[in-house]
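What follows is a single structure, written as structure tokens, with notes after it.
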Amino acid sequence: MGRCLNTILRAQKPPVFCSRTCRLATLQSRGIDYVKQLALINVRDIRKILEWNEHHNIRFFRLSSGIFPFASHKTYGYSVEFARQDLAEVGLLARQLGHRLTCHPGQFTQLGSPHVHVVENSIRELKVHADMLDFMGMGPDSVIVIHMGGTYGNQKQAVLTRFKHTFCTMLPSHVQKRLVIENDELCYNVEDLLPISQKLDIPLVLDWHHAALYPSTYPTEHYLASIREVWERRGIAPKQHYSESRPGAISIMERRAHSDRVSLIPPCESDVDLMIEAKDKEQAVLELYKTYRIYPVDSSVYKVANSILINRDQSLNLQREIRASKGKKHRRPITELSDAIV
Numbered sequence: 001m002g003r004c005l006n007t008i009l010r011a012q013k014p015p016v017f018c019s020r021t022c023r024l025a026t027l028q029s030r031g032i033d034y035v036k037q038l039a040l041i042n043v044r045d046i047r048k049i050l051e052w053n054e055h056h057n058i059r060f061f062r063l064s065s066g067i068f069p070f071a072s073h074k075t076y077g078y079s080v081e082f083a084r085q086d087l088a089e090v091g092l093l094a095r096q097l098g099h100r101l102t103c104h105p106g107q108f109t110q111l112g113s114p115h116v117h118v119v120e121n122s123i124r125e126l127k128v129h130a131d132m133l134d135f136m137g138m139g140p141d142s143v144i145v146i147h148m149g150g151t152y153g154n155q156k157q158a159v160l161t162r163f164k165h166t167f168c169t170m171l172p173s174h175v176q177k178r179l180v181i182e183n184d185e186l187c188y189n190v191e192d193l194l195p196i197s198q199k200l201d202i203p204l205v206l207d208w209h210h211a212a213l214y215p216s217t218y219p220t221e222h223y224l225a226s227i228r229e230v231w232e233r234r235g236i237a238p239k240q241h242y243s244e245s246r247p248g249a250i251s252i253m254e255r256r257a258h259s260d261r262v263s264l265i266p267p268c269e270s271d272v273d274l275m276i277e278a279k280d281k282e283q284a285v286l287e288l289y290k291t292y293r294i295y296p297v298d299s300s301v302y303k304v305a306n307s308i309l310i311n312r313d314q315s316l317n318l319q320r321e322i323r324a325s326k327g328k329k330h331r332r333p334i335t336e337l338s339d340a341i342v
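Counting from 1, position 195 in the sequence shown corresponds to residue 195 in my numbering; the numbering is continuous, with no gaps.
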């Protein structure tokens, strides 16, 4: 199982994270060397995160797309080669530890867009990610995940056709080798993407949460074998995503938002690398380790979920109210009340 970021290291003084950035105005005033220094700190902090992950049995990590600020900018973009040595050291550590590193550029990375500038921006963005992984020396399992994007007036087939043209004729080969696509919750379900996945040999990352919100004709399990075939043809370890909706979510827009943690593990094959997408990041993974007894969990780093803390606070408040009303009859025993709430 894996995740992105680390809430414990991020809260340290000094903080450990790999998405330091600045405003464009700062870049313009302080120069590109300032931005590159931020990038080097970001890269070096990846090592600290990987070491923490190894200690806590987390060997699947999504790299931030903000490691190199403005690297894909049309005007101020730059090559990440200046960080080649640092990237190589991080990659060596990841390989020695047996950690899988992947990337997931933002929602504006759309190769099927009808807008030329969006496609050009997307290609630059993907090239930065592929260059970074290549300089790290990471193998084919280090994939770059993107969504298909919008439908632009319910023109799915036109988007898929443009995506195919861009992929086949405009993407550098080292980007093609790492690119994989993911089903989303609004526009493109598994059924929409599987044909182009099979035709172009682009692996499909199954997102179970998205599949539940925007289902295909058949149950998700129906497509597992076909999805796996492409991963196996490419010789890449299968990767899937899992998340859950926030408690109380009703509308589709509410249900899209990820919960702090997840309570279940989807019915994926045992050799699939599962990325947990949850607000509590590493704590969500530790929660699953603890619940399903996958690995022992260090109590010094495990934090009780906010929802549990809230319930405990409510319990304490109710207990205080009970103590304050000693003269009232028929009050419930405190132990019974606590057991009911916590």
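Just so you know, even glycine gets a beta-carbon here, dropped at the ideal spot from N, CA and C.
Residue-chain proximity (residue i, chain B), Cβ-Cβ < 7 Å
i	result
Ser173	No chain B is part of this structure, which consists of one protein chain only.
Opening and closing residue of the beta strand (DSSP E) in which residue i lies
i	result
His241	239-242
Leu274	273-276
Which listed residue (the options) has its alpha carbon closest to that of residue i
i	options	result
Arg241	Val175, Tyr218, His210, Ala257	Per the sequence shown, the amino acid found at residue 241 is His instead of Arg. Minimum Cα distance to His241 is reached at His210.
Gln37	Arg20, Leu24, Trp52, Glu51	Arg20
Ala369	Asp184, Tyr76, Arg234, Ser197	A query on residue 369 cannot be resolved here, the shown segment of the chain reaching from 1 to 342 and no further.
Arg62	Lys290, Lys303, Met275, Ile294	Met275
Glu244	Ile250, Arg255, Gly235	Arg255
Ile58	Val301, Leu286, Tyr302, Ala305	Leu286
Ile144	Pro105, Asp86, Arg10, Ala284	Pro105
Tyr152	Tyr188, His99, Ile41, Arg84	Tyr188
Arg10	Leu27, Asn42, Arg30, Leu24	Asn42
Leu171	Asp207, Arg124, Glu277, Lys156	Arg124
Cys268	Ala249, Lys303, Val297, His222	His222
Val230	Ala249, Gln198, Gln157	Gln198
Met148	Val80, Val128, Val205, Glu277	Val205
Ile32	Val80, Cys4, Ser64, Lys48	Val80
Asp271	Ala158, Ile146, Arg228, Cys4	Arg228
Asp356	Lys48, Gln157, Asn53	A question about residue 356 goes unanswered here, because the residues of the chain that appear run from 1 up to 342.
Residue i vs residue j beta-carbon contact at 7 Å
i	j	result
Leu281	Asp260	Residue 281 is actually Lys in this sequence, not Leu. Taking 7 Å as the Cβ cut-off, Lys281 and Asp260 do not qualify as a contacting pair.
Lys239	Asp273	yes
Val175	Ala237	no
Cys22	Asp45	no
Ala94	Leu133	no
Phe70	Val16	no
Phe163	Leu101	no
Asp207	Glu182	yes
Gly66	Gly137	no
Ser216	Val190	yes
Phe60	Gly139	no
Pro195	Arg234	no
Tyr76	Leu27	yes
Lys290	Val297	yes
Val119	Thr166	yes
Ile8	Val301	yes
Arg84	Phe135	yes
Val128	Ser72	yes
Outcome for residue i when other beta-carbon atoms lying within 10 angstroms are tallied against a minimum of 16
i	result
Ser113	buried
Ala257	exposed
Phe68	buried
Phe108	exposed
Ile252	exposed
Asn6	buried
Asn154	exposed
Cys168	exposed
Pro14	exposed
Leu264	exposed
Gln283	buried
Tyr214	buried
Gly98	exposed
Ala340	Interpretation of Ala340 is limited by its pLDDT of 25, a score under 50 that renders its predicted location unreliable; no figure is taken from the coordinates.
Asn317	Low confidence applies here, because Asn317 scores a pLDDT of 42, under 50, leaving its location unreliable; read the following figure in that light. Exposed, since its Cβ has fewer than 16 Cβ neighbours within 10 Å.
Met74	The sequence given here places Lys at residue 74; Met does not occur at that position. Looking at its Cβ environment, which holds fewer than 16 other Cβ atoms inside 10 Å, Lys74 is exposed.
Tyr218	exposed
Gln12	exposed
Val116	exposed
His55	exposed
Glu232	exposed
Ala39	buried
Ile250	exposed
Glu321	Because Glu321 carries a pLDDT of 40, less than 50, the predicted location of this residue cannot be relied on, and the following value inherits that uncertainty. It is exposed - the Cβ of Glu321 has fewer than 16 other Cβ atoms within 10 Å.
Ser122	buried
Gly150	buried
Ser64	buried
Endpoints, alpha helix (DSSP H) assigned at residue i
i	result
Val35	32-55
Lys164	156-169
Gln176	173-176
Lys290	282-292
Ile8	7-10
Cys224	With the sequence shown as reference, residue 224 is identified as Leu, and Cys is not the correct amino acid for it. Its alpha helix (DSSP H) spans residues 224-234.
Glu254	252-256
**Message:** Please give me, in chain order, every unbroken run of the alpha helix (DSSP H) with length at least 4 that falls completely inside the segment 64-151.
**Reply:** The segment 64-151 contains, as complete alpha helix (DSSP H) runs of 4+ residues, the segments 84-97, 116-136 (chain order).
**Item:** Length-filtered (3 minimum) beta strand (DSSP E) runs lying within the segment 182-209
**Value:** The beta strand (DSSP E) runs lying completely inside the segment 182-209 and spanning 3 residues or more are 204-207, given in chain order.
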